Each structure stands twice: as C-alpha cells, then as structure tokens.
Amino acid sequence: MSNSPNPEPPRRRNLDSDEKIAIIFVLATIGGILWWGLGSSSGINFFKNQPQLLARSRSQPTAQPEQSRPIVALREKPATTELPEASQKEAEQPSQLFEDPDRRQTNRQGQTLPLLALPIPLASQPSPQSTPTPKSQEPSLQLKIAFQDVPRERWDYPFIEGLRSKQLIDGVSENTFEPDRPISRAQMASLIDRAFDSPSQAIEIEFKDVPQGDPIASDIEKAIGKGFMKGYSRDSFRPQENIPRYQVLVTLVAGLNLKPTKDPQQTLKVYEDASEIPTWAVGQVAAATEKGIVVNYPNTKFLNPNQPATRGEAAAMMHQALVNLGKVEPVQSPYIVPSP
Numbered sequence: 004m005s006n007s008p009n010p011e012p013p014r015r016r017n018l019d020s021d022e023k024i025a026i027i028f029v030l031a032t033i034g035g036i037l038w039w040g041l042g043s044s045s046g047i048n049f050f051k052n053q054p055q056l057l058a059r060s061r062s063q064p065t066a067q068p069e070q071s072r073p074i075v076a077l078r079e080k081p082a083t084t085e086l087p088e089a090s091q092k093e094a095e096q097p098s099q100l101f102e103d104p105d106r107r108q109t110n111r112q113g114q115t116l117p118l119l120a121l122p123i124p125l126a127s128q129p130s131p132q133s134t135p136t137p138k139s140q141e142p143s144l145q146l147k148i149a150f151q152d153v154p155r156e157r158w159d160y161p162f163i164e165g166l167r168s169k170q171l172i173d174g175v176s177e178n179t180f181e182p183d184r185p186i187s188r189a190q191m192a193s194l195i196d197r198a199f200d201s202p203s204q205a206i207e208i209e210f211k212d213v214p215q216g217d218p219i220a221s222d223i224e225k226a227i228g229k230g231f232m233k234g235y236s237r238d239s240f241r242p243q244e245n246i247p248r249y250q251v252l253v254t255l256v257a258g259l260n261l262k263p264t265k266d267p268q269q270t271l272k273v274y275e276d277a278s279e280i281p282t283w284a285v286g287q288v289a290a291a292t293e294k295g296i297v298v299n300y301p302n303t304k305f306l307n308p309n310q311p312a313t314r315g316e317a318a319a320m321m322h323q324a325l326v327n328l329g330k331v332e333p334v335q336s337p338y339i340v341p342s343p
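Position one of the sequence shown corresponds to residue 4 (our numbering), numbered consecutively onward.
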C-alpha cells in the first residue's frame with residue numbers, strides 16, 4: 004500500500020488595493036489612538052475643552068456585494084452642555100475631526116470613499132488678556148508756574164507759595180507777584196475774593212470812585228458782601244489808595260469775626276510802637292495778635308501799623324488767617340508774632 008502524497012499547502016490570496024488601503028487606515032487609526040493615549044498619560048490634555056474625544060460616526064452606507072467595505076470617518080459629536088464664555092470661543096474654532104469632502108479618496112470603481120479623519124490636537128488659543136486701562140484722572144485746575152520774583156530765599160516765600168500751591172492767590176502776571184509793591188485797597192479786595200470762599204451777601208455798590216462795569220467792581224462787591232471790607236463813606240471806597248498794615252489786620256479780623264479774649268492793651272505790649280495804632284483799631288489788632296495772624300518783618304517787636312503794606316506782607320497775614328480756618332498748612336517762620 005503506497006503512501007499518498009502530502010497535500011500542497013494552500014497559497015495565500017493576494018490582497019487587492021482596497022484591502023491594502025483599509026489596513027493602512029486601520030493601522031493609522033490605532034497609531035493615532037496610541038499617540039493620543041501616550042500624550043494624555045504625560046499630562047498633555049489637548050481636548051480640555053472638548054466634551055468627547057471621538058464622536059460616533061454617521062450611519063454607515065449599505066455595503067454593496069461587489070464593493071469593498073468603506074472606512075468610516077470619525078466625527079465629533081456636538082456638545083450639549085453649556086460651556087463657559089472662554090470655552091465657547093475655543094469651541095467655535097473649526098474642528099479637525101470632521102471629514103473634508105474635497106479630500107476624499109476614490110476606489111477603483113470611481114466611487115468616493117469617506118476619508119478617515121484622525122484626531123489632531125488643537126493648541127488652546129490663549130484668551131487675549133485685556134490691558135487694564137489706567138483710570139482717568141479726575142479733572143483738576145492746573146497749578147500755575149511759581150512766581151519768578153519770589154525765590155526761596157525771601158522771608159515771605161513760605162506764605163506766598165503756600166497760597167499759590169492751593170490756588171488761593173493771583174500774581175500781577177502769570178509768573179510774577181511783585182511782593183515788594185504796596186498793595187492798594189482794590190488789590191486787597193481781589194486777594195480776599197480769591198482766598199476766602201465764605202458766603203457773600205448780594206449788595207449793589209454805589210461808590211462814585213468805582214465805575215460800574217469795571218472788573219474790580221465785582222471784587223469789591225464780594226469783599227464787602229463777605230464782611231471783610233467797608234467803604235470810607237456811602238459813595239467813596241478809594242480803590243487806588245494804598246492800604247496800611249493795621250488796616251490789613253482789621254480787614255482780616257472783621258471777615259473772620261474775631262474778638263479779643265484778653266485785655267487788648269496787655270496783648271499789644273509785645274509791640275514797641277503799639278502807641279501808633281489808631282484807637283478805634285486797638286481791639287482788632289489785639290485779636291489778630293492772639294490768633295497769630297500778625298507777621299512783622301524784619302523785627303517782630305515793631306508793627307509799623309501806619310506803613311503801607313506790601314503785597315508780600317498782605318499775603319503773609321492772609322496766609323495766617325487761613326491757617327486759623329484750617330484752609331492751609333501752618334509754616335515755620337521767625338517773623339510770625341507769637342500769641343502772648
């Protein structure tokens with residue numbers, strides 16, 4: 004009995020092109036999933052704002068017997084949960100999971116094959132950080148340039164600068180004050196109107212020497228209405244007359260409504276020339292001395308009451324009056340007469 008020959012082993016069937024394409028895409032899919040998994044395990048989360056990594060595919064087309072099985076394209080399933088405002092902006096970016104109709108491949112029969120789309124991570128677009136807008140500064144009056152004729156070395160500098168920095172005084176021009184110039188009654192009225200914001204009673208002046216419509220008329224009306232100044236008579240103010248030093252003190256005491264609290268004669272003993280003060284002004288000068296309003300340069304023991312006051316001297320005494328009202332900060336000066 005003879006042995007039958009060994010049967011010939013079956014030969015492997017050659018793969019056609021469709022099957023090769025299918026295998027390539029399957030391997031690519033597996034490789035993409037492995038790549039994504041390795042990236043996730045390393046702490047890299049490319050799909051932070053995507054609710055699902057892979058969405059279910061659309062319904063598969065019915066396979067024809069003579070056609071090779073089509074490769075299903077993976078699609079992103081629309082998110083149903085509400086996203087924060089920042090995430091919605093990122094979600095609006097075009098997804099890389101949808102197939103591109105223009106990039107589909109065709110098989111040998113000329114039929115379109117859906118393209119297998121691999122998940123491609125999208126780098127999160129950093130939300131633009133708005134640069135904080137600096138707060139607009141509140142509008143304020145621009146400080147004027149320091150008076151060029153009032154240097155720091157002058158005795159009256161701290162008083163004049165204290166008023167200028169608070170915009171409580173005007174110069175004769177934009178950058179000059181003329182501190183050594185005698186001050187007139189009209190100029191005193193202007194300084195008072197600018198420095199003191201006390202209520203003013205509405206009055207109509209009838210001074211024959213103050214023309215109506217003159218810019219100085221308004222300042223004189225306000226200085227009188229605030230209780231600081233008076234006319235010499237019903238029809239005379241003498242606006243161009245230089246004001247003596249004692250009248251500057253009388254004017255300030257009247258506007259602040261100050262009264263002496265001690266014996267005026269005892270208070271005025273600090274001045275060696277107290278006898279030159281007019282009798283009717285003794286009480287007002289004593290009240291000014293008690294409140295530290297009097298400033299005597301160069302010697303505090305001499306008041307020189309009848310000497311015409313300079314613009315610098317008037318400014319110094321006005322500054323001290325405003326210190327009493329708490330409108331300006333006190334300054335250190337050896338020429339302020341201390342209260343007895």
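The beta-carbon is built from N, C-alpha and C at its ideal position, and this holds for glycine as well.
These figures come from a predicted structure and were not determined experimentally.
Just so you know, the alpha carbons of Leu306 and Asp159 end up roughly 16 angstroms apart. Spanning the alpha carbons of Leu261 and Ala290 requires a straight line of approximately 6 angstroms. Of all alpha-carbon atoms in Val298, Pro267, Gly295, the one lying nearest the alpha-carbon of Trp283 is that of Pro267. For Arg184, there is no enclosing alpha helix (DSSP H), since its DSSP letter is neither H nor E. Met320 is a Cβ neighbour of Val298, given a cutoff of 8 angstroms. For Ile27, the secondary structure class from DSSP, reduced to helix, strand or coil, is helix. Comparing C-alpha distances from Gln310 to each of Val251, Lys272, Glu332, Leu325 shows the shortest one belongs to Val251. Residue state for Asn245 is assigned as strand, using DSSP reduced to three classes. When only Cα atoms are considered, Arg241 and Val334 end up about 33 angstroms apart.
Around the CB of Gly315, 16 or more other CB atoms lie within 10 Å, so the residue is classed as buried.
DSSP places Val288 in the uninterrupted alpha helix (DSSP H) bounded by 285-293. Put simply, the backbone Cα of Pro308 is about 19 angstroms away from that of Pro337.
Here Pro267 carries a helix assignment [DSSP, helix/strand/coil]. DSSP places Val213 outside any alpha helix (DSSP H), giving it a letter other than H or E. Gly34 sits exposed, since fewer than 16 C-beta atoms from the chains shown fall within 10 Å of its C-beta. Take the alpha-carbon of Ser187 and the one of Lys169: they are about 23 angstroms apart. Checking the DSSP bridge columns, you'll see Val297 has no partner listed. Around the beta carbon of Arg237, fewer than 16 other beta carbons sit within 10 angstroms, so the residue counts as exposed.
Measuring C-alpha to C-alpha distances from Pro301 to each of Ile26, Gly40, Arg157, Asp21 identifies Arg157 as the nearest.
Distances from the alpha-carbon of Glu224 to those of Glu177, Arg197, Ala192 put Ala192 closest.
Using a 10 angstroms sphere on the CB of Gln323, the tally of other CB atoms reaches 16 or more, which defines it as buried. CA-to-CA, the gap between Pro154 and Gly174 works out to about 14 angstroms. For Trp38, the number of other beta carbons within 10 angstroms of its own is below 16, and it is reported as exposed.
Under DSSP, no beta-bridge partner is assigned to Ser278.
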